[in-house]
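Numbering follows numbering that gives the first Met the number 0, in which position 243 of the sequence shown is assigned residue number 242; successive positions increment by one, without gaps.
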Amino acid sequence: MISENKNRILGLDLVRGMSVLLMIPVHCMLIYASMDTWETSILGKIIQVVEKGTPMFLVVMGISFAFSSRNTFSTTIRRGLKIASFGYLLNITRFIIPLLLGGIPDSFITINGLTVGDSYNFMFFLLLGDILQLAGISLLLLAFINKFSKNKYVILSIALLIVFFTKELSGYRPGIPLLDYICDLLWGNQFNVYFSVFPWTSFILIGLFFGKWYKELDNNASIMYTWMWRMGLLFLGIGIGLCTLDYTYHFGDYYHLGPGGFLLLIGINLLLVWLGQVLVSYVRHNKFFELCYFSSKNVTSFYIIQWVLVNWGMAIFGYSIQNELSALCIIIIITLTTFLLLYLKSVVISYLKRYKEIKIQSSLN
Numbered sequence: 000m001i002s003e004n005k006n007r008i009l010g011l012d013l014v015r016g017m018s019v020l021l022m023i024p025v026h027c028m029l030i031y032a033s034m035d036t037w038e039t040s041i042l043g044k045i046i047q048v049v050e051k052g053t054p055m056f057l058v059v060m061g062i063s064f065a066f067s068s069r070n071t072f073s074t075t076i077r078r079g080l081k082i083a084s085f086g087y088l089l090n091i092t093r094f095i096i097p098l099l100l101g102g103i104p105d106s107f108i109t110i111n112g113l114t115v116g117d118s119y120n121f122m123f124f125l126l127l128g129d130i131l132q133l134a135g136i137s138l139l140l141l142a143f144i145n146k147f148s149k150n151k152y153v154i155l156s157i158a159l160l161i162v163f164f165t166k167e168l169s170g171y172r173p174g175i176p177l178l179d180y181i182c183d184l185l186w187g188n189q190f191n192v193y194f195s196v197f198p199w200t201s202f203i204l205i206g207l208f209f210g211k212w213y214k215e216l217d218n219n220a221s222i223m224y225t226w227m228w229r230m231g232l233l234f235l236g237i238g239i240g241l242c243t244l245d246y247t248y249h250f251g252d253y254y255h256l257g258p259g260g261f262l263l264l265i266g267i268n269l270l271l272v273w274l275g276q277v278l279v280s281y282v283r284h285n286k287f288f289e290l291c292y293f294s295s296k297n298v299t300s301f302y303i304i305q306w307v308l309v310n311w312g313m314a315i316f317g318y319s320i321q322n323e324l325s326a327l328c329i330i331i332i333i334t335l336t337t338f339l340l341l342y343l344k345s346v347v348i349s350y351l352k353r354y355k356e357i358k359i360q361s362s363l364n
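Shown next as structure tokens:
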């Protein structure tokens with residue numbers, strides 16, 4: 000189903016919006032819930048399952064890139080640098096400022112392997128690698144791939160090579176501080192980088208593969224989605240098989256997975272993206288869909304705002320001490336506050352646009 004005025008696949012907007020909405024429950028549980036709440040409560044069990052579906056945002060990013068009008072080499076490079084810079088600005092806002100103000104609990108500092116009061120803490124949190132760094136650097140990679148090869152099978156091959164061979168590079172460092180950090184961003188296995196480019200960019204490349212296929216099919220979404228669920232099941236089956244053979248190697252650490260773990264997650268997320276199209280095709284448009292579309296449209300702002308609220312909230316709610324009911328209440332509070340701030344942002348932007356138009360009109364008169 001294609002949006003008539005914007006040539007967008009509504010199913011993609013739906014699943015991207017859903018993945019954005021799920022960020023708040025996942026992040027709130029990771030930060031606020033006690034270990035017992037995370038491991039044994041019903042909410043904790045649900046969030047552990049939900050967390051596995053968050054990479055569908057990356058798959059959609061790759062699909063959208065294929066038919067974006069802004070995917071020229073220079074434009075993609077600029078977008079990549081811009082998004083990566085947002086990641087470091089976010090680190091300043093969500094970590095450095097509350098750290099200076101004493102709003103970060105000591106327990107959060109020590110759980111990251113740091114010493115309370117050590118000046119190195121500022122450098123650690125400033126350089127922390129997260130999803131925006133991954134997205135930015137991946138766009139730089141996509142710019143070069145798109146420049147030198149338009150073949151979708153080359154892209155698929157690169158994605159699978161990354162999945163199967165990154166584990167062998169994982170954690171490699173040459174022993175030179177700056178180069179060590181770059182290596183951590185690319186294939187690190189420590190928790191100063193949560194989403195290393197390799198292998199997490201494979202989700203984006205898989206999405207790009209389907210996006211290019213979609214264009215070759217003259218924008219026939221039904222054929223693309225048919226092959227998406229088929230390949231999703233294939234990857235899921237292979238991933239489960241590999242994880243069964245050696246769970247520790249393939250799925251021992253969610254953020255630093257092996258080949259089997261990534262194939263399993265790729266399969267799950269391809270099926271989730273396909274399910275989004277099924278929903279918009281067979282379920283009548285409703286308020287929840289509108290909420291997802293709004294979240295998808297404001298994905299970067301949503302991500303930044305919710306992380307700032309979650310981290311600043313540690314000054315009030317503490318770190319890793321809340322029970323199930325308290326964590327649920329915090330999730331609701333931060334979700335409502337995030338949407339309130341997004342609404343205020345849209346009001347301010349709308350006001351500034353009207354003011355600019357009035358000023359231009361008055362100058363012409």
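All C-beta atoms, glycine included, are put in the ideal place defined by N, C-alpha and C.
A quick note: this is a predicted structure, and the numbers were derived from the prediction, not measured.
Would you identify the three-state DSSP class for residue i, choosing helix, strand or coil?
i, result
"ILE8", "strand"
"GLY128", "strand"
"VAL192", "strand"
Less than 8 Å between the beta carbons of residue i and residue j, yes or no?
i, j, result
"GLY206", "ILE62", "yes"
"GLY102", "TRP306", "no"
"ILE203", "MET60", "yes"
"VAL196", "VAL14", "no"
"ASP129", "TYR193", "yes"
"PHE316", "ILE329", "yes"
"LEU131", "PHE56", "no"
"PHE121", "ILE96", "no"
"VAL25", "VAL49", "yes"
"LEU290", "MET230", "no"
"ALA314", "LYS211", "no"
"GLY238", "LEU262", "yes"
"VAL309", "ILE333", "yes"
What first and last residue would you give for the alpha helix (DSSP H) that runs through residue i?
i, result
"THR165", "151-168"
"PHE94", "Taken as a continuous stretch (DSSP letters only), PHE94 belongs to no alpha helix (DSSP H), as it is neither H nor E."
"PRO258", "258-281"
"GLN47", "41-50"
"ALA220", "220-244"
"GLY61", "55-65"
"LEU100", "Unbroken run through LEU100: none, as it is neither H nor E."
"GLN305", "298-311"
Given that a residue counts as buried once 16 or more other Cβ atoms are within 10 Å of its Cβ, and exposed if not, what is residue i?
i, result
"PHE72", "exposed"
"ILE348", "exposed"
"LYS166", "buried"
"ASN90", "buried"
"HIS284", "exposed"
"VAL392", "Since the first and last residues shown for the chain are 0 and 364, residue 392 lies out of range."
"ILE359", "exposed"
"ASP12", "buried"
"MET34", "exposed"
"ASP105", "exposed"
Between residue i and chain D, is there a C-beta pair that is closer than 8 Å?
i, result
"ASN219", "Of the protein chains in the structure, only one exists, and it is not chain D."
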